[in-house]
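Protein chains in written order, with our numbering: chain P, 8 to 114; chain L, -14 to 315. Beta carbons: idealized from backbone N, C-alpha and C, even for Gly. The structure under discussion appears below in the form of structure tokens.
Rendered as structure tokens:
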């Protein structure tokens, strides 16, 4: 019960942070798999079933742009931050730092 | 890679048609890249167990496909509390109403038992129909993404004055419902509307039918009205407690009057030895005497409780209810 509650709360806590991490990683163009590897490299592992729907949602909101391109003889979908996404990332980063600062004081 | 294709095809059929190709192509690319990385690391092709592990880590196709759905709930957060309220209205108002109307109509039917069963079935079917209708309405509202303007544009002053009922004033609806049905059934039998199989070998002794017909009918009619009111307005008011206090006193007086003309029943079994019948009669009437005394005691406790409610004081905790784990006092 305790583990389940922790797991649910952990997922909830990670959800918002992951969006910020994805937006930040996509300042440079990447395709899904390399993005996942990059996030995992920073200690933010995300499974494909979560990442791709999230990328689609962010693209629908106009924060990302994507295109299919061939690389290493394989078709891959590359994502990058849109100008609007870059603006939002800046605002969210400021918000994150403020929250982080406040939480540091509380914790 | 037959297993991979099977996995992707399962996800495909669960996705919206317009997005199927795009999503599957991207997911397929990711999984193939993962497998290629693993193969490079192992220096050999992955075996079936390793491939299965990759797919299991990705998640069940139903869960994966669900994450691509724009709607994650049939009825979302803004509508759900209203929907839940609607369900409560069906459960506690419309269903009992249908049941009471059905039972009342069944009593006038030529075959009341058959009609009664039909009425219960109709009430259940009616409630299910209403729940279905309510669900459809809210699902449509959710789909249309209807903006609830009153959630944004509201004033605290415009909120309705919802009475806050302390626990001790709450009347469990189950009690009222059971009481209503019980009183109605007894009245139906008492007035002869409900023709139960008659046992001609047990009969009331005079003066029970002559003297007590109307007084008993009046008591159960009053109980029925009180239960009906309590069902729809499930909290005690001083006025309602005072009304029930009158009923309680009347019930005790009636029970005492009944005890004064005890015994009430006689057995008619031609051919049976009179001495044996007398013993059985004594047992039956004795049991009824004891039951009536218990009823008087319970009405006595109700008088005490209703008197306190009428005076605006909290009722005592019912020792029996407390014993069985409940905190309600009736």
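Taking 3 residues as the minimum length, the beta strand (DSSP E) runs contained wholly in the stretch 129 to 206 of chain L are 187 to 189, in order along the chain. The three-state secondary structure of residue 53(L), taken from DSSP, is coil. Under the DSSP assignment, residue 29(L) falls outside any beta strand (DSSP E); it carries neither an H nor an E label. Looking from the CA of residue 103(L), the closest CA among 84(L), 121(L), 139(L), 120(L) belongs to 84(L). At least one C-beta of chain P is nearer than 9 Å to the C-beta of residue 44(L).
By the C-beta density criterion, residue 261(L) is exposed, having fewer than 16 other C-beta atoms within 10 angstroms. The beta carbon of residue 45(P) lies closer than 8 Å to those of 32, 37 in the same chain, with the five residues before and after it left out. By the rule that beta-carbons nearer than 9 Å mark a contact, residue 60(P) touches chain L. Among the residues facing chain P, residue 19(L) is included, as its CB has a counterpart in that chain under 9 Å away. Per DSSP, residue 249(L) lies in no alpha helix (DSSP H) segment and is marked neither H nor E. Not flagged as an interface residue toward chain L: residue 14(P), since no C-beta distance is shorter than 9 Å.
By alpha-carbon distance to residue 281(L), the top candidate from 244(L), 259(L), 109(L) is 244(L). Chain P places no beta carbon closer than 9 Å to that of residue 37(L), leaving this residue out of the contacts. Boundaries around residue 78(P) are those of the beta strand (DSSP E), 71 to 78, since no alpha helix (DSSP H) includes it. Of the other Cβ atoms in all chains shown, fewer than 16 fall within 10 Å of the Cβ of residue 82(P); this residue is therefore exposed.
Using a CB distance cut-off of 9 Å, residue 121(L) does not count as an interface residue toward chain P. Note: residue 220(L) is bridge-paired with 155(L) in the DSSP secondary-structure output. With contacts defined as CB atoms closer than 9 Å, residue 37(L) and residue 30(L) fail to qualify as a contacting pair. If you draw a 10 Å sphere on the C-beta of residue 29(P), you find 16 or more other C-beta atoms in it, and that means buried.
Excluding the 5 residues flanking it on each side, residue 89(P) has same chain C-beta neighbours closer than 7 Å at 69, 70, 71, 72, in chain order. Beta-bridge annotation (DSSP): residue 83(P) is paired with 76(P). Residue 114(P) carries a coil assignment under DSSP once its states are collapsed to helix, strand and coil. Annotated as distal: residue 74(P) and residue 35(P), with beta-carbon spacing of 9 Å or more. Closest option to residue 288(L), judged by alpha-carbon separation, among 200(L), 233(L), 46(L), 86(L): 233(L). When secondary structure is reduced to three states using DSSP, residue 239(L) falls in the helix class.
Taken through DSSP and simplified to helix, strand or coil, residue 37(P) comes out as strand.
Contact annotation: the stretch 56 to 71 of chain L does not touch the stretch 57 to 69 of chain P, with fewer than three C-beta pairs closer than 8 Å.
DSSP lists no beta-bridge partner residue for residue 101(L). When Cβ-Cβ separations below 9 Å define contact, residue 48(P) makes no contact with chain L. Going by beta carbons, residue 92(L) and residue 178(L) fall inside the 9 Å limit. Within the DSSP secondary-structure output, residue 88(P) pairs in a beta bridge with 71(P).
Residue 43(P) has a beta carbon lying within less than 9 Å of a beta carbon in chain L. In the assembly as shown, residue 159(L) is an exposed residue. Its beta-carbon has fewer than 16 other beta-carbons within 10 Å. Following the DSSP letters along the chain, one finds residue 279(L) inside the alpha helix (DSSP H) bounded by residues 259 to 295. Scanning chain L for C-beta atoms nearer than 7 Å to the C-beta of residue 56(P) yields 43, 44, 48, 49, 52, reported in chain order. With a cut-off of 8 Å on Cβ pairs, the stretch 69 to 85 of chain L is not in contact with the stretch 144 to 154 of chain L, counting fewer than three such pairs.
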